[in-house]
Structure formats: structure tokens, C-alpha cells
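Heads up: the structure comes next, in C-alpha cells.
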DNA sequence: CTGCCGACTTGTCGATAGGGAG
DNA sequence: CTCCCTATCGACAAGTCGGCAG
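Pasting the structure below:
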């Protein structure tokens, strides 16, 4: 009954945006029996007026511990002479000295930004004395921190246990909130401590001081009828508001980019889970009309209007290559990275012929997080001709799509399908690829580890599509070697076990007694077990090798409809724990509950 | 239309907990 | 039980996208 109910509700969710309201527990009386229905959270009411909750209560954020001045024996030297710094100036030097081992502290921009911000924290006296970063010697401080972290590692079990308990206490007190009728885990209830901003890639602001956040910087969001969080003694919140049109519990403005940071709920929460579900439903709606959209953009390649041609070619890239939309960015504020709409002439090369292929486009640019996207793909002639046209009379630093931006593109997409935006294509193509690859790669007769290898390969296909690369782990070669050693050992074990089996068989032939018969059985089992272990190790080695430069996590967490994986597990009898770890199972609880083995994305 | 803001998702990476081998 | 190693998790950065004012 419950399944039926769940399916019905699923149906309603997918087909009908106007949903009736339900409570969390139902009582039905059938033939004198009282039946109780527990309704899962993701099947509960959703608000239709844009509000996200009715009741919200929490304890506010946890602040970074205050600065502890260095012991007097640890000295900072300027121009070879020891110098005692004021606490604010000293704190900033500790950030720098902790980073001394990193290459980026040698970079000009980093040093320049750091020095500029450091000087702002100095007293006027310090300011007039300290004028050259190169004359600063932080090595004693650096040594001190290294010793400290060594000491932390050497702490006794009891001390470590104490710290753990304290963390647990903090988690219990501040890590949860009540939203509507549920206790929910908060994602990041700790305020980021001050430090030096690093940024990714070639960031113009690297080295700047990320300042300490105080209660006076924090806006609290909770419901009027809740017990409001108390600021630390002697302080005040910047503001307490009661805005139930948003999901965050607290926010503050960060000083590097001037952007707002939020405290929000954990992915396991109702509010995040529902949104996630919705995202995949939008992608599934795209599945239904993607053919039509593809026909249309191919048609648009022939348009009389330049802007339409550009739009159509960009959309083709977004669809075929799973590129990101590519918003414009303020120059000099962030690293120079691009997405589809912000591609520049210098980022592509056209080859009318390359090897045995025609109309090849070579992409080479830095995308999100300054991860390089490099790809050579043959495109259709019409796309190629259009690209040549777009490139005419342009400089390398000019925009490839000068008549297009993400806002124009998304407005167009919105007209093609309700809720359609550029990023939906990434979700759609990722999920459909997983489903199709799983179909292709899974052999029903394979062992469980072999099936999991197939799953990872399907996952890998998606990660490659989305360009989720990673730097090979520093210990990669070594751990590969270790694994190989293990495999070799297993192989030796196996041949030894086989020899023993053979001997046992011979013995049985000779003596024909019960005992020798038993020995044969035991030895046979041993061989079998070792064979299995060997196979497992070999599969593991293959998997790891293929995964060297590819990160599976991001696509698994953000792009793959979890119901595909759940259905696959059910279909092939794979325990879900083999695919999703604990955190992931919590995040995807909605999918685990609702997907059957015949689920189709 | 443009720039900016606000909210929310997506992304990488390093620290570390805890599981398994010896 | 200890040590080693890796999977996991949190930190925090960097995207997307919609809305609004001028």
C-alpha cells in the first residue's frame, strides 16, 4: 500500500505542480483496523507560495577561536633584528609563516597583496619600520608552528579523545536546527577562520587578508516564533530577520570579493533533497524534448541573423560537450577562466582537415577552478563554417560569441522548455550517459566486483564528459606498486594452493580414506577463495589505473540521477553500500526510497 | 540592456579518521 | 595493538542564474 501511495505521489509530483497538502502521518480505518502510514519527508507537503519553511530555529554559528599571541621566545626578525609586533600585525604574520612551504608565497602577486593587507593591520610605528617584505624573517615562527603540529600528532589517546568529545558536543549543540517538523543537520555551522586568501589558478587577489568574522557581521535568519540564537556575551548580531523565502540560517559578507556567504543545511535535509529531486525531474523533462531542441538549433545554424547562429552553435557545444554556460566575469577580480558563452577567439583552433578527420575544432581553455579543458572534436560542416564566420576580423582576445551571453541564451532556453537553462544539459547528458553506459557494460553473469568495475567505468565516462579531472594523487605510483606486490603474492599463494590440492588429490587416490577426501575438499575451497581474492585485487588495480586522472565524486554527487544507480543496484543485486557511502546514502535517501529496479531516467 | 546583488549549486583539495594488514 | 593507507569529510572557492534598479 505504501509503495502504491509513494508511486502515486511521485506521479503527482512529476506531472502536476499543484500538489495537495499532506501531513507526516496518516490514519486510515479499514474494516475496523487502524492503519498507519508514515510518509517520508520527501513526500510531504511543499509550499506553493515560494516560502521554504514555516518554522526555523537554530543556535547560530560557531566562531573561530580568538587569536592566541605567540610565546615571547618565538621571534620575528626585521632586517636581522628581533621585533615584537602588536597582536593584530602578529596574527597576520602567523598566517603567512604557516604557508612558507607553499610555492605561492614566492609569487609576486601573493607577496604584494599580503604585504599591502598586512600593513593595514600594523601600528603606525610598525608601518614606518617595516617597508620591505624581503627583509622579514618568519622562520622562527614557521618552525614553531611545525613543532606545534608535530606535537598535536603526538598527543596521547586521552587528549585526542577529549578533543573529539568537544567537537561532538559542539556538533550536537550547534550542528542541528529545527525546520518545520524536523531536526536537520546543518552543513557548515562554523564560521571560516581568518587567513590569507589563496584562490584557485592565477588569482589576482591571492595573498589578501581574509578578515575575522565577528557577530556584528552576521545576519541571522529564523522564524519569529522560534527561540532566537544568542550572540556571544557582549556582542550583537548585525541583524535578525525572518525571511522564509530563503533557506539560509545565517549570512555574512566576505571581504575578498564582497560576496555573501551562507550557513545552510546539509544535503541530507528535506530542503536540499527536494531541490535535488526537482533538478533531475527537470533534466528528465529535457529528455522528452531534446530531439526537438536539437532539430531546432541545427536549423538555426542557417539563420540569417548572426545572434541566432551564435546562439545555436553555443548551444550545440553545451549539449555535445557538456560545457558550462560561461557567465561574464569582472576582469582583474578573479582568475581568467571561461565557459561556453565567454569563450574567446584564442581558445579555439580550426582544422579543416586533421589526420583522417574533417572539420576539427580544438578547444584549449581554463574552465571553472582553472581546470584546463582540452579537446579536439570533429564537428559538422555547418558548425565549422559558422565558427570561421564568427572568427572573421577578430583579435585573439575578442569574444567568440560576441552577440551572445548567458542571459540571452537562458531566455531562449526558457522559451523552449519551462525551467530549461544551460546547466540542465550537463545534468541531462551526464545522467543519460550513465544509464546508457550501465546498460552497455553490465554483464548479468559477472561477479559483484566485476559489476562494480562496470559501474565505475560508466561513472568514468560521465566524468570524462564533464571534464572532472584531478591531479594524480601524490602517492599514486607507490600505491599502485603496493597493489601489484599484493597481486604477485596472491599469485604465488594461488600456485602453492593449487600444488597442495594436486597433492591432496593424489593422496586421496592412493589411500581412498575419508580423511584424504576431506583434505581435498578443504584444499579445493582454499584454491577457490584465493582465486576470488586475486580476481578482486586485479579488478581493483584496473579500476585504480583507469581512474588515475579522473575524479568520479563530483559527477556522482551533482550530476547523476541517483535513482539510476539505485535501480541498477536492485536489478543486479548489488548492495547499495558498494556504490554510495554513508554520507551519500543520506543525501540520496529520497532516491533509495523511491526507485525500483525498472526505473528509467 | 547592463551592472550588480542575492541565493544556491558545483568544484577541488588537504587533513584525518578509522579500517585492515602485519 | 600499532602502523599505514586510503576513503571520507569539511573547508572554502567558484560557478550558475534570476531579479531588480537605473
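Numbering (full-length UniProt numbering), first residue to last: 1 to 601. Heads up, the beta-carbon is just placed ideally off N, CA and C, and yes, glycines get one too. It should be emphasised that the depicted structure is a prediction, and the values quoted were computed from it without experimental measurement.
- Between residue 501 and residue 523, the CB-CB gap stays under 8 Å.
- In chain order, 50, 51, 52 place their CB closer than 8 Å to the CB of residue 245, counting only its own chain and leaving out the 5 sequence neighbours on each side.
- In the three-state scheme derived from DSSP, where H, G and I count as helix and E and B as strand, residue 379 is classed as coil.
- Between residue 114 and residue 187, the CB-CB gap reaches or exceeds 8 Å.
- A contact is defined here as three or more CB-CB pairs under 8 Å, and the segment 560 to 567 meets this definition with respect to the segment 584 to 592.
- The beta-carbon distance between residue 507 and residue 516, rounded to whole angstroms, is 5 Å. This is short enough to meet the 8 Å contact definition.
- DSSP places residue 232 outside both helix and strand once states are collapsed to three, so it counts as coil.
- Ranking 498, 532, 551, 213 by CA distance to the CA of residue 487 puts 532 first.
- Closest option to residue 449, judged by alpha-carbon separation, among 491, 361, 569: 569.
- Bridge partners of residue 372 according to DSSP: 366.
- Rounded to the nearest angstrom, the Cβ distance from residue 94 to residue 141 is 6 Å, consistent with a contact under 8 Å.
- By the Cβ-count criterion, residue 310 is buried, with 16 or more other Cβ atoms from all chains shown falling within 10 Å of its own Cβ.
- Judged by DSSP in its simplified three-state form, residue 251 adopts strand.
- Under the rule that a run must span 4 or more residues, the alpha helix (DSSP H) segments found entirely inside the segment 262 to 349 read 270 to 300, 306 to 321.
- For secondary structure counted as the alpha helix (DSSP H) over 4 or more consecutive residues, the segment 507 to 594 holds these complete runs in sequence order: 514 to 546, 553 to 558, 562 to 572, 582 to 587, 589 to 594.
- Looking at the DSSP output, residue 137 shares a beta bridge with 77.
- The Cβ atoms of residue 218 and residue 248 do not sit closer than 8 Å to each other.
- Shortest Cα-Cα distance from residue 573 to any of 91, 326, 509, 445 involves 445.
- Remark: C-beta atoms of residue 317 and residue 340 approach each other more closely than 8 Å.
- With a threshold of 16 other beta carbon atoms within 10 Å, residue 584 meets it and is buried.
- Straight-line spacing of the CA atoms in residue 513 and residue 462 works out to 58 Å.
- Under the 8 Å Cβ criterion, the segment 262 to 273 counts as touching the segment 181 to 200, having at least three qualifying pairs.
- In the DSSP assignment, residue 114 falls within the unbroken alpha helix (DSSP H) covering 108 to 121.
- Every alpha helix (DSSP H) of 4 residues or more that sits fully in the segment 142 to 193 is shown, in chain order, as 157 to 174.
- Counted as a single uninterrupted DSSP element, the alpha helix (DSSP H) harbouring residue 92 occupies residues 87 to 98.
- Residue 179 and residue 54 have their C-alpha atoms spaced approximately 8 Å apart.
- Assigned with DSSP and collapsed to three states, residue 65 falls in coil, not helix or strand.
- Between residue 422 and residue 409, the gap from beta carbon to beta carbon is short of 8 Å.
- Considering only 597, 62, 440, 395, the residue with the shortest C-alpha distance to residue 169 is 62.
- In the assembly as shown, residue 504 is a buried residue. Its beta-carbon has 16 or more other beta-carbons within 10 Å.
- Residues of the same chain with a CB within less than 8 Å of the CB of residue 161, apart from the 5 flanking positions on each side, do not exist.
- Of the residues assessed, residue 374 falls on the exposed side of the cut-off, its CB having fewer than 16 other CB atoms within 10 angstroms.
- For residue 241, the enclosing beta strand (DSSP E) stretches over residues 239 to 241.
- Taking residue 259 as the centre and dropping the five residues before and after it, the same chain places the C-beta of 253 closer than 8 Å to its C-beta, in chain order.
- Between the alpha carbons of residue 426 and residue 417 lies a distance of about 15 Å.
- In the structure shown, residue 205 adopts coil according to DSSP, grouped into three states.
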